[in-house]
Amino acid sequence: MLSDTPGHPAGEVALAAFRAGLEPALGAHLLEVPAEALQEAGLSEGASVTPPGGDSLTLSPMFSSGLIERPVSWVALAGFMGTGKSRIGWELSRALALHFVDTDKLITRVVGKTIPEVFAQEGEGYFRACEHEVVHRVTRLEHAVISLGGGTFIQEENRRQLLERGPVVVLWATPETVYQRTKHSDRPLLRVEDPLSTIRSMMDEREPVYRQGTIHVHSDGRPSEEIVEEIIERLWAWADAQHAWAAQGEATTTGDHRAAD
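Quick look at the structure:
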């Protein structure tokens with residue numbers, strides 16, 4: 004498989020093709036409404052939002068100006084599958100008037116295959132390489148909420164880039180909740196005899212890495228509006244702390260300069 008030989012010419016060609024298709028796919032993806040939001044609104048699949056003026060990768064001048072008060076202009080959502088990243092990410096993006104990007108759905112758009120098909124036909128290594136390309140691109144976006152795949156934040160280089168770019172909100176849920184939310188899906192990691200035990204084991208294994216996120220919010224048994232409200236409140240607190248640290252750093256630097264004079 005391509006994934007098992009990252010340096011193999013065939014694998015490099017496939018990855019180069021992915022890079023070439025990423026930019027136009029991202030432009031189209033930014034205008035697409037998630038299936039979950041469409042179902043709730045009673046709209047048909049494939050509906051889109053009104054394209055903003057100017058560059059497709061930026062919001063309109065009103066959105067990018069100071070007319071809309073928001074704690075951050077970029078934030079990523081991480082966490083295990085089934086914790087609500089796509090649904091909460093979309094609603095958070097609407098609340099903050101930001102673009103929304105679901106990295107898994109962006110990959111499927113570029114490759115033209117479902118995630119299970121990519122795992123089965125190209126292998127996990129190829130998928131992770133595509134995932135890394137997507138992380139590299141979305142960390143250069145402005146005015147966006149990024150919903151990450153369950154394993155994206157686990158990869159060290161992805162994690163470094165994301166945390167350097169901005170705050171990463173980690174969503175949490177119990178293994179039982181994750182299982183109930185995902186048991187009817189075709190996710191590769193659930194194709195085992197005892198998926199609940201697999202979920203428990205994987206969540207325990209990944210917890211120390213997820214704990215490296217910036218903000219942590221539980222999604223069990225809570226309406227999405229309440230979760231989004233908490234995230235925004237926590238983002239304001241984070242932003243205020245960042246500004247305070249920056250001001251303290253400037254004051255220290257100014258004091259050092261005066262002492263040197």
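In the working numbering, the protein residues as written are 4 to 264. Each residue gets a CB set at the ideal place from its N, CA and C atoms; glycine is no exception.
DSSP on threonine 61, reduced to helix/strand/coil? As a first step, residue 61 is located in the sequence shown; it is residue number 58 there, counting from the start. Bear in mind that a pLDDT of 40 at threonine 61, under 50, signals an unreliable position, so the number given afterwards is only what the model happens to contain. For threonine 61, the three-state secondary structure derived from DSSP is coil.
Nearest neighbour of isoleucine 118, chosen from Lys88, Leu192 and Arg73 [CA to CA]: The residue given as residue 118 occupies position 115 in the sequence shown. Checked all of Lys88, Leu192 and Arg73; the closest Cα to isoleucine 118 is Leu192.
To the nearest angstrom, how far is it from the Cα of aspartate 105 to the Cα of alanine 249? As a first step, residue 105 must be located in the sequence shown, where it is residue number 102. As a first step, residue 249 must be located in the sequence shown, where it is residue number 246. The straight-line gap from Cα to Cα measures roughly 31 Å.
Where valine 16 falls, given that 16 or more other Cβ within 10 Å makes a residue buried: Residue 16 sits at position 13 when you count from the first residue of the sequence shown. Burial call: exposed.
Please name the residue, chosen from Arg140, Arg131 and Arg97, that lies closest to glutamate 159 on a Cα-to-Cα basis. For the purposes of this step, residue 159 is taken as the residue at position 156 of the sequence shown. Here the closest residue by C-alpha is Arg131.
Does the Cβ of aspartate 207 have 16 or more other Cβ atoms within 10 Å, making it buried, or fewer, making it exposed? The sequence position of residue 207 within the sequence shown is 204, counting from 1. The residue in question, aspartate 207, is exposed, as its Cβ has fewer than 16 Cβ neighbours within 10 Å.
Looking only at its own chain, which residues have a Cβ that is under 8 Å from the Cβ of methionine 4, when we skip the five neighbours before and after it? Counting from one through the sequence shown, the residue named residue 4 turns up at place 1. Because the pLDDT of methionine 4 is 47, which lies under 50, any placement of that residue in the model is unreliable, and the number read from its coordinates should be weighed accordingly. Closer than 8 Å at the Cβ level, and outside the excluded window around methionine 4, lie Gln124, Glu125, Gly126, Gly128 and Tyr129.
By DSSP, does histidine 221 sit in helix, in strand, or in coil? Sequence index remark: in the sequence shown, residue 221 carries index 218 (1-based). Strand at histidine 221.
For glutamate 233 and valine 212, believed in contact at Cβ under 8 Å, the rounded distance: On the sequence shown, residue 212 is found 209 positions in, with the first residue counted as 1. On the sequence shown, residue 233 is found 230 positions in, with the first residue counted as 1. For valine 212 against glutamate 233, the beta-carbon gap comes to about 22 Å, at or over 8 Å, which does not count as contact.
Under the DSSP definition of a beta bridge, which residues are partnered with alanine 81? The residue labelled residue 81 in the question sits at position 78 within the sequence shown. Under DSSP, the beta-bridge partners assigned to alanine 81 are Val173.
Looking only at DSSP bridge pairs, what is serine 150 linked to? Taking the first residue of the sequence shown as position 1, residue 150 is located at position 147. For serine 150, the beta-bridge partners assigned by DSSP are Leu80 and Asp105.
Glutamate 120 versus His146, Val141, Glu253 and Asp189, residue with shortest Cα-Cα distance: Start at 1 with the first residue of the sequence shown, and residue 120 comes out as number 117. The option with the nearest alpha carbon to glutamate 120 is Asp189.
Can you give me the Cβ contacts of glutamate 229 inside the same chain, cut-off strictly under 8 Å, excluding the 5 residues immediately before and after it? The residue labelled residue 229 in the question sits at position 226 within the sequence shown. Excluding residues within five positions, none has a Cβ falling inside 8 Å.
Can you check whether the CB of leucine 151 is closer than 8 Å to the CB of alanine 244? Residue mapping note: residue 244 aligns to position 241 of the sequence shown, counting from 1. Residue mapping note: residue 151 aligns to position 148 of the sequence shown, counting from 1. Remark: C-beta atoms of alanine 244 and leucine 151 do not approach each other more closely than 8 Å.
Three-state secondary structure assigned by DSSP to glutamine 158: By one-based count along the sequence shown, residue 158 stands at place 155. Coil.
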